[in-house]
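These notes concern the structure reproduced below.
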Amino acid sequence: MPSVTSARVSANARRASDSRPAQIMARIGLAARGVIYILIGWVAILVALGKTTQETDQRGALQLLSGKPYGLVSLWLLCIGFAAYALWRLSEAAFGVTVDGKGAGPRLKSLARAVVYGSLAVTTFSVISGAKRSQSGQQQDWTAKVMSHPGGRWAVGLVGAVVVVVGVILVLDGARRKFVKYLRTGQMSPRTRRVVEGLGMIGTVARGLVFALTGALVIEAAVRYQPAKAGGLDTALKTLRDQPYGEFALIAAALGLIIFGVYGLCEARWRKV
Numbered sequence: 004m005p006s007v008t009s010a011r012v013s014a015n016a017r018r019a020s021d022s023r024p025a026q027i028m029a030r031i032g033l034a035a036r037g038v039i040y041i042l043i044g045w046v047a048i049l050v051a052l053g054k055t056t057q058e059t060d061q062r063g064a065l066q067l068l069s070g071k072p073y074g075l076v077s078l079w080l081l082c083i084g085f086a087a088y089a090l091w092r093l094s095e096a097a098f099g100v101t102v103d104g105k106g107a108g109p110r111l112k113s114l115a116r117a118v119v120y121g122s123l124a125v126t127t128f129s130v131i132s133g134a135k136r137s138q139s140g141q142q143q144d145w146t147a148k149v150m151s152h153p154g155g156r157w158a159v160g161l162v163g164a165v166v167v168v169v170g171v172i173l174v175l176d177g178a179r180r181k182f183v184k185y186l187r188t189g190q191m192s193p194r195t196r197r198v199v200e201g202l203g204m205i206g207t208v209a210r211g212l213v214f215a216l217t218g219a220l221v222i223e224a225a226v227r228y229q230p231a232k233a234g235g236l237d238t239a240l241k242t243l244r245d246q247p248y249g250e251f252a253l254i255a256a257a258l259g260l261i262i263f264g265v266y267g268l269c270e271a272r273w274r275k276v
C-alpha cells in the first residue's frame, strides 16, 4: 500500500512539473536570468567608464536597480523569477531534463543550477530588505576560512579548476551552437533563427570566458594564499579592467554578457520546457 501511494504521489508531481503553469514558471525564470545578465553587463560598462563604483556582479546589479524609482517592484519581480527558475530546475533534477532525458549528468547540472538561482533569490530578497553586505567580500571571507584549514588551499584550488572547466565547456558549447537543440526553432523565421543563434553563440562564449577567468583567479588565490583574488565575478571583471587597455576588454566582456542576457530573453520565448 505505501508503495502504491508513493507511486501516485510521484505521478502527480510529474504531471504538475509538465503542466502549463509549470511551463510558465520556467519561462518567467528564464526571463529573470536574462535580465540579471543584462544588468551585470550594464554595471560593468559603467565601471569601465568610471561612472559607478558598484560591484560588477549579481548583488551590484541588484543594488544599482534598487536605487531607481521602479527598483523595488523590479527587485520583487526578479526575486520571484529566480525562485521560479530554481523550482523549474529542481523539477528537472527530480524528473529529467527536456531534450537531455533522465541521465544523472543533466539532472545533477539542473540541481546545481537550482541551488545557484535559489541563492540568487535569497540575495535579491536581502537587497530588498536593505542588507549592504558585499557579495565579493563574502566570497573572499569564505575562501579565507576554507584555506585556514588543512587541505583548504587544495579544496579552493579544486573549486577554481571546476569553474575553469565549466567555462571552457561553455565556450565550446557556444562555438558549436549546442544550445540550439533546446530551442523550438521550428517556430522561428529563418531570419529570427539566425539572429537568435548568433546571440547565443556570442553570449555563451563570452560567459564561458568570464567563468574561466573567475576560476583561474580562484586557483591563483589558492596557490598564492591570497583570498582577495577569489572575489568571484566582480574580481574577474575588475581584473580585466586593470590590464593594459583594460577598459576596452571590460566593455567587450560586458557587451558579451549583455548579449547573453538578450539571448536569455529569447530562450524565455522559445526554449523547450
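Count the sequence shown with the numbering used here and you get residues 4 to 276, in order.
Quick reminder that beta carbons are idealized off the backbone N, C-alpha and C, glycines included.
Because the structure is a prediction, the values reported are computed rather than measured.
Membership of T101 in any alpha helix (DSSP H) is not indicated, and neither H nor E is assigned to it by DSSP.
Here DSSP, grouped into helix, strand and coil, assigns L175 to helix. Between the alpha carbons of T217 and P72 lies a distance of about 33 Å. Look at R187 here: in three-state DSSP terms it is coil, with no helix or strand label. Taking the Cα of G53 as reference, the smallest distance to any Cα among I261, L90, C82, L253 is reached at L253. By the Cβ-count criterion, G177 is buried, with 16 or more other Cβ atoms from all chains shown falling within 10 Å of its own Cβ.
Pairing F251 with R210, the inter-Cα distance amounts to about 17 Å. F85 and L161 have their C-alpha atoms spaced approximately 27 Å apart. With contacts defined as CB atoms closer than 8 Å, L93 and A64 fail to qualify as a contacting pair. A51 is the residue among I43, V38, A51 whose C-alpha sits nearest the C-alpha of Q246. Looking only at T127, A89, R272, the smallest Cα-Cα distance to Q190 is reached by R272. Per DSSP, S69 is one residue of the alpha helix (DSSP H) stretching across 61-69. Q246: not part of any alpha helix (DSSP H); DSSP gives it neither H nor E. When beta bridges are read from the DSSP output, R274 appears opposite L186. Residue environment for G104: exposed (fewer than 16 other C-beta atoms within 10 angstroms of its C-beta).
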